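Visitor: Using the working numbering, count along the sequence shown one by one with no gaps and you end on 246.
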Amino acid sequence: MSPIETFQFHRDFAIGSFQVNPNGKLRLKDLADLFQEVAWRHADSGDFGRTLQKENRMWVLSRLEIKVNQMPVWGEEVRVFTAGRGVEGLFAFREFLMVNSKEEELASGMSSWVLLDTETKRIIKPETVLPSELFQINQKPDWIPERHRIRDLGEKAFAISVQHSDLDLQNHVNNTSYIRWIEDGVFENGKGIQFLSINYLAECFLGDQVEIFKFSKEGEVQLVGIYQGKTVFSSLVQLI
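1. Suppose contacts are defined by Cβ-Cβ distances below 8 Å. Is Val66 in contact with Trp149 by that definition?
2. What span of residues does the beta strand (DSSP E) with Glu94 cover, start to end?
3. Please classify His170 as buried or exposed, where buried requires at least 16 neighbouring CB atoms within 10 angstroms.
4. With distance defined between alpha-carbon atoms, name the residue in Thr182, Lys73, Val105 nearest to Met116.
5. If you follow the beta strand (DSSP E) that Gly231 is in, where does it begin and where does it stop?
6. For the alpha helix (DSSP H) that contains Trp205, what are its first and last residues?
7. If you follow the alpha helix (DSSP H) that Lys35 is in, where does it begin and where does it stop?
8. With a cut-off of 8 Å, do at least 3 Cβ pairs link the stretch 208 to 220 to the stretch 156 to 172?
9. Compare the C-alpha of Asp123 against each of Arg155, Leu242, Gln59 and name the closest.
10. Per DSSP, what are the beta-bridge partners of Gln215 in this structure?
11. Kindly list the residues whose CB is nearer than 7 Å to the CB of Pro147, restricted to its own chain and excluding five residues on each side of it in sequence; keep chain order.
12. Under 8 Å, with one C-beta from each stretch per pair, do the stretch 189 to 209 and the stretch 220 to 231 reach the 3-pair mark?
13. Closest to Gly198 by C-alpha separation, out of Arg128, Pro78, Ile218, would be which residue?
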């Protein structure tokens, strides 16, 4: 994990009562929400965020990995950092770090994004819009989210009907809604999540019926979402 001084942007938050689980700790979905919020604020501050919509372009999260040391509790003050971590091919990398008031690391994340033309659905090279001072084209992070290779789907665990509350500004399922589904899928194990890796593979829309398949082995849980025979997402979770 990169030291704090290498990050480019941060925001402070207080953990709200609506963000915690029955144990009073921040939910993984809400941690991802904070990461996403800081990412968008950073992008907007550098004019490569929401302004791209005017040019029919948008950022799409492709892969995300989160490591949890200790989840903050209700009322705790935290600081969330982010920074661009280079470009490789069609992927732009972004790193996250959450610390407490003592600057102790609570959680970290690494993500890979692609830039999409919203009309043609074609991927655009990210360096065409990214400021070079924030995303060094030749830089490559040590930590790169992995591409999953699913060999065994396991058993069908449950199904999700996409609701209005799952959707984002583009009328797609929000990337953190998938993480909420994953949390629901591992809740029965009665353990916390210390690591999440998720690949976002296809779009989901209102009313889609997504089947969730689950495979567990030695403290690790694999959850895969399937819609009409197409893999929507795949995830690997390590439990505490």
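Backbone N, C-alpha and C define an ideal beta-carbon position, used for all residues, glycine too. The model shown is predicted, which means the values in this text are computed figures rather than measured ones.
Guide: On the basis of the supplied data:
1. Their beta carbons are not under 8 Å apart, which means Val66 does not touch Trp149 by this criterion.
2. 83 to 94
3. exposed
4. Lys73
5. 226 to 233
6. Rather than Trp, the amino acid found at residue 205 in this sequence is Asn. Taken as a continuous stretch (DSSP letters only), Asn205 belongs to no alpha helix (DSSP H), being part of the beta strand (DSSP E) at 199 to 206.
7. Note, Lys35: alpha helix (DSSP H), 34 to 51.
8. The stretch 208 to 220, when compared against the stretch 156 to 172, does touch it at the 8 Å Cβ threshold.
9. Gln59
10. Ser167
11. Arg91, Gly92, Phe99, Glu101, Met116
12. yes
13. Pro78
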